[in-house]
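In the working numbering, the protein residues as written are 1 to 85.
All C-beta atoms, glycine included, are put in the ideal place defined by N, C-alpha and C.
Everything below concerns the one structure shown next.
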Amino acid sequence: MTTITVIGKAGCHLCPTALAIVETVVADLPDEIGDGIEIVERSIEDDPALYELWWEKIPVVLIDDELHAHWRVSPDRLRQRLEES
1 MTTITVIGKA GCHLCPTALA IVETVVADLP DEIGDGIEIV ERSIEDDPAL YELWWEKIPV
61 VLIDDELHAH WRVSPDRLRQ RLEES
């Protein structure tokens, strides 16, 4: 199982866009890839450790807890990364 974590906060204007890109890319993947992916949303407002790490870079996208992107998410780059897994 691959976990994609989207870290943001309420009021972040880029965060809904990043989440929508992640959801769209995963939905468009072949079932054998997409079915093995879980998308998790986290907020820096709920976790002081996340706030310390990421407050100036949200939205942040992690794949299996490794940084994939921050601020803007490229659908093509994300798709390529997920297809390589």
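Whole-angstrom Cβ separation of Asp-64 and Thr-2, contact assumed at under 8 Å? 6 Å
Can you tell me where the alpha helix (DSSP H) with Ile-58 in it begins and where it stops? Taken as a continuous stretch (DSSP letters only), Ile-58 belongs to no alpha helix (DSSP H), as it is neither H nor E.
Return helix, strand or coil for Ala-10, following the three-state DSSP convention. coil
Does Leu-29 come out as helix, strand or coil in the three-state DSSP assignment? coil
Within the same chain, show all residues whose beta-carbon is closer than 6 Å to that of Glu-84, passing over the 5 residues directly before and after it, in chain order. none
How about Ile-44 and Ile-7: are their beta carbons less than 8 Å apart? yes
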